[in-house]
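Trainee: For the working numbering, count along the sequence shown from 1 and bump the result up by 73.
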Amino acid sequence: MLPLVLVILTAQPGVVLGTGLRASTVLVGQVTKVKADEPGTALVMSTDVISPNWGQRWNTEALRAIRDATLGEAVTVELRTPDEELRTLGAVETVTAFGRIRMGKVYVHELLLKQGLAWVLPSARGDAALVKLEAEARAAKKGLWADADPVEPWLWAQQLLLRDDETKVVHSGWDCPHVKTTQCHECGGGRFWSLAESADAGFTRHTCLSGEALRFANASGVATLVERSTDNSAPTLPAAARRSCTKDSECAVAPLPPCSCGSCETTWLEPATRSVVSRMKANYARVSCSPPPCIACAGRVAGAHSTCREGQCVIAE
Ligand SMILES: [Zn+2]
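(1) Under the rule that 16 or more other beta-carbon atoms within 10 Å means buried, what is residue 89, buried or exposed?
(2) Under a Cβ-count criterion, where at least 16 other Cβ atoms within 10 Å of its own Cβ denotes burial, should residue 110 be classed as buried or exposed?
(3) So what does DSSP say about residue 279, is it helix, strand or coil?
(4) With DSSP collapsed to three states, give me the class of residue 111.
(5) Pair every Cβ in the region 304-322 with every Cβ in the region 240-251, then say whether three or more of these pairs are closer than 8 Å.
(6) Mind checking whether the beta-carbon of residue 101 lies closer than 7 Å to any heavy atom of ligand 1?
(7) Using only the alpha-carbon positions, how far apart do residue 95 and residue 136 sit?
(8) Let's test the definition: count the other Cβ atoms within 10 Å of the Cβ of residue 379 and tell me whether it reaches 16, buried, or not, exposed.
(9) Express the C-alpha separation of residue 121 and residue 208 in angstroms, rounding to a whole number.
(10) Confirm the yes/no value for this check: CB of residue 281, any heavy atom of ligand 1, distance under 7 Å.
(11) Pick helix, strand or coil for residue 344, following the three-state DSSP scheme.
(12) What's the C-alpha gap between residue 179 and residue 148?
(13) Any idea what DSSP makes of residue 121, helix, strand or coil?
(14) From which residue to which residue does the alpha helix (DSSP H) around residue 165 run?
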């Protein structure tokens, strides 16, 4: 059951502070009026489309693409009534509002479709313009359409890819009868993020990974992280318009969004052009929010300088 939410978004736009579990769920700060658990912020799920879920292939790419396009930017939310499917997903992901998210003249859901990072929902397929955007991305094999058999997020069940370290066999999840009846159930449920990862570790597939379970497993892959370094060095970010530069003096370091708590790990600040950074700072200054509960530990913030390298602002270590 969703909490009763009253969101009035009129003249004053909100500011994008981050995303939820998927790129089509955006955290918006300082909406005019929100009656929810976290006053001042709303987790808005974009209607009409849906992007890959956490644990699913292309989730990371979609999250990155939307952050590179919207983080710290002013947006207006046009509230809409979600279909039943979206409402159910939203309840799981603690969404407080549904609607179309507009940044100037650009809609977030259209942006995702153009980059091949979202599907048009079955309930929105009557919108010919949206279906056309999806078809164009598909024809150009952009984003997730480069995959041989992409699985729609509303079909994709969370694939646990459980590892049985004793037998070196990987299972589809808790539903596998073998997993239910062996000690694997008590092994702590260590998991792989993709079948490729399990193969690299020398694990073989159990027979439970066949048919639809295999198809869904192949659509898993959170390990395709594009921004997490294993050696604590600065992340390598994909090219983005907000980092486009010709010389060092055009680059700066983006501020951390307000209302966020950071993590226990090292958080690298992100590079952006000076104009983007000044816009972000001005937008963040307008945000008033009650921070969500923080975890006890404080992570380290790294990356104080940004330089221009090969046409993109990058963090200098
Ligand atoms: Zn199995």
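We treat Cβ as the ideally placed atom computed from N, Cα and C, and that holds for glycine.
Mentor: Taking the structure as given:
(1) buried
(2) Per-residue confidence for residue 110 stands at a pLDDT of 49, beneath the threshold of 50, marking its modelled position as unreliable; the derived number appears in the next sentence. Its Cβ having fewer than 16 others within 10 Å, residue 110 is exposed.
(3) coil
(4) Summary for residue 111: the model assigns pLDDT 48, below 50, so the residue's position carries little reliability, and this model does not support an answer.
(5) no
(6) no
(7) 6 Å
(8) buried
(9) 15 Å
(10) yes
(11) strand
(12) 9 Å
(13) coil
(14) 157-165
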